[in-house]
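Everything on this sheet refers to the single structure shown next.
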Amino acid sequence: MSQEITVSTSRFVEGRFVVSRSALPPTPQILELIWGKSTTTAKTSQLIARMIDQETTRMTDQTKAIVEQELMEFIGPMAMIVCEEVWNAVNSLDTALDALSQELPDPSQVVRFRQNVLKRLA
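The opening residue of the sequence shown carries number 6 in the numbering used here; numbering runs sequentially from there.
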């Protein structure tokens, strides 16, 4: 199995954080890829409903703390700085998770980060 290594750089600039959106497959299809099984269970239906509700979930101090703690598991203390920049530019959980996920180099980390946050908020 070969791994591809990419190198990137980041820089801090003044102004608003621009969040790019890319088309994603339907949530049940994503969950099936993650869990490797059919997503017709009641538990999955509840999770899907919760994920849909993310777009309207406001960022409370408690939510911000949970998101920051989970991001810290992946990028360490830089999470505090990154989160502080994102909080000023977003107003919902969905957009915050999108923006913060861009800081994770590995797609599997993105999935785990989102799952961990949603699990703790449940």
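The C-beta atom is built at its ideal place from N, Cα and C for all residues, glycine as well. Quantities reported herein were computed from a predicted structural model and do not represent experimental measurements.
Could you give the first and the last residue of the continuous alpha helix (DSSP H) run that contains residue i?
{"i": "N121", "result": "112-126"}
{"i": "T32", "result": "32-40"}
{"i": "V95", "result": "Here V95 belongs to no alpha helix (DSSP H), and DSSP marks it neither H nor E."}
Is DSSP giving residue i helix, strand or coil here?
{"i": "M64", "result": "coil"}
{"i": "E108", "result": "coil"}
{"i": "T100", "result": "helix"}
{"i": "V12", "result": "coil"}
{"i": "T44", "result": "Residue placement at T44 cannot be trusted, given a pLDDT of 49 that sits under 50; what the coordinates show is reported in the next sentence. Three-state result, T44: coil."}
{"i": "F17", "result": "coil"}
Using C-beta distances below 6 Å, list every residue in its chain close to residue i, excluding the 5 sequence neighbours before and after it, in chain order.
{"i": "N121", "result": "E75"}
{"i": "W40", "result": "none"}
{"i": "E73", "result": "A84, C88"}
Assuming residue i and residue j make a contact with CB atoms under 8 Å, what is their CB distance in whole Å?
{"i": "F79", "j": "L98", "result": "Rounded, the Cβ-Cβ distance is 17 Å, inconsistent with contact."}
{"i": "T68", "j": "L126", "result": "7 Å"}
{"i": "D95", "j": "S106", "result": "Before going on, a small fix: residue 95 reads as Val here, not Asp. In fact, because the Cβ distance is near 12 Å, the residues do not count as touching under 8 Å."}
So, at 8 Å on beta carbons, what are the nonlocal neighbours of residue i in its own chain, with the 5 sequence-adjacent residues on each side left out?
{"i": "R119", "result": "L102, S106"}
{"i": "F17", "result": "E90"}
Short of 7 Å in beta carbon distance, which residues of its chain neighbour residue i, apart from the five on each side in sequence? Order them along the chain.
{"i": "T44", "result": "In this prediction, T44 has a pLDDT of 49, which is less than 50 and means its spatial position is unreliable; what the coordinates show is noted afterwards. These residues qualify, in order along the chain: P33, L36, E37."}
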